[in-house]
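To start, the structure itself, in structure tokens.
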Ligand SMILES: *Cc1c(COP(=O)(O)O)cnc(C)c1O
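In this note's numbering, the protein residues as written are 51 to 409.
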């Protein structure tokens with residue numbers, strides 16, 4: 051361990067800050083806050099909005115609900131654009147709402163709604179919002195930043211939030227947040243109460259190569275290494291790899307008769323519908339207990355219905371071969387007799403074909 055107010059740590063922090071800008075495709079500073087991803091979401095709201103402001107929140111799953119819950123906690127008047135779970139938001143509906151309600155200060159959305167493994171058309175949303183000088187686009191990119199193309203400056207995203215334990219391959223404990231110039235203008239008048247989340251002192255500290263509060267030294271040092279996967283040429287390779295892991299997972303699912311749940315599937319996480327009669331929660335518990343592999347189930351209305359498989363983090367081809375085999379064995383354990391050894395062979399072939407491809 052080293053102390054955070056030392057020249058040694060300052061040089062790490064400067065290195066990480068430079069890499070984070072590349073990773074987020076922005077020239078703006080990217081701040082690290084000591085929190086989980088949800089803290090980053092709260093920071094996004096309190097640093098740009100005021101109690102009594104009106105916002106539009108895209109709610110298409112658990113994390114959309116979280117945006118709305120945080121905003122309401124600060125007395126922000128929250129309009130909800132309800133999107134059926136598993137579907138992407140229709141940008142035209144957002145445009146129509148903003149046309150009819152010019153007082154809206156911000157549109158809040160996920161880039162990827164992790165609970166349904168669905169991606170939203172962020173670039174199109176940005177096209178709509180960026181022409182309106184009185185409205186910001188706040189993006190929860192916690193399973194999108196460094197997991198799929200998301201060009202903050204070029205697309206015109208106003209606030210982008212990330213989290214260390216998702217694409218960044220680290221343990222939980224850091225949230226990332228960057229504000230566009232337009233969002234910094236809003237920041238000047240943002241009246242939401244804040245102390246820990248206030249980005250103004252952070253901005254001053256970062257300019258001096260420090261964080262305002264104590265730094266999460268171990269995670270920042272780890273990030274300095276992890277970020278090398280997400281800058282320059284390496285970033286393209288990493289994103290292509292994630293895309294291929296997702297494609298491979300969808301194809302393995304199809305091979306075993308498991309349909310992809312989302313109508314707009316994400317590269318970062320895939321939701322597969324389990325066959326009728328197979329409770330996905332029981333299946334995932336069985337897989338964890340018997341085969342030592344952790345997959346996620348569904349939440350709320352999707353509980354028991356889907357398996358969620360992540361594609362971010364450090365996943366090897368051997369992991370994917372193991373996944374193909376374990377899913378096969380577990381489905382057989384659950385008496386899914388429509389699949390046999392030939393399906394398993396085909397699934398393994400999918401893995402080797404898709405993942406050993408040269409760029
Ligand atoms: C994981 C996640 C969050 C919440 O992150 P925590 O680190 O659990 O606070 C928020 N939004 C999305 C889209 C996520 O995937």
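Glycine included, C-beta positions come from ideal geometry on N, C-alpha and C.
Quantities reported herein were computed from a predicted structural model and do not represent experimental measurements.
Between the alpha carbons of residue 311 and residue 180 lies a gap of roughly 32 angstroms.
According to the DSSP assignment, residue 358 belongs to the beta strand (DSSP E) that extends over 356 to 360.
In the DSSP annotation of this structure, residue 260 is not part of any alpha helix (DSSP H), being labelled neither H nor E. Secondary structure at residue 56: coil, using DSSP grouped into helix, strand and coil.
The Cβ atoms of residue 108 and residue 102 lie no closer than 8 angstroms to each other. Distances between the C-beta of residue 300 and the heavy atoms of ligand 1 are all 7 angstroms or more. With 7 angstroms as the limit, the residues whose C-beta approaches any heavy atom of ligand 1 more closely are 86, 87, 88, 89, 91, 113, 116, 160, 162, 163, 164, 190, 192, 193, 213, 215, 216 and 222, in sequence along the chain.
By the neighbour-count criterion, in which 16 or more other beta carbons inside 10 Å mark a residue as buried, residue 91 falls on the buried side. In the DSSP assignment, residue 320 forms a beta bridge with 359. Nearest neighbour of residue 349 by Cα position, chosen from 336, 323 and 342, turns out to be 323. The Cβ atoms of residue 373 and residue 343 lie closer than 8 angstroms to each other.
Non-local C-beta neighbours of residue 230 in its own chain, meaning closer than 6 angstroms and more than five positions away in sequence, comprise 208, ordered along the chain.
Counting only runs of at least 4 residues, the region 179 to 227 fully encloses the following alpha helix (DSSP H) elements, listed from N- to C-terminal order: 202 to 205. Across the structure, residue 387 and residue 393 are spaced so that their CA atoms are roughly 11 angstroms apart. Closest in alpha carbon position to residue 401, among 212, 217, 128 and 303, is 303. The count of Cβ pairs closer than 8 angstroms, one atom from the region 121 to 137 and one from the region 270 to 285, stays below three, leaving the stretches out of contact. With respect to the 8 angstroms criterion, residue 74 and residue 106 are not classified as neighbours on the basis of their beta carbons.
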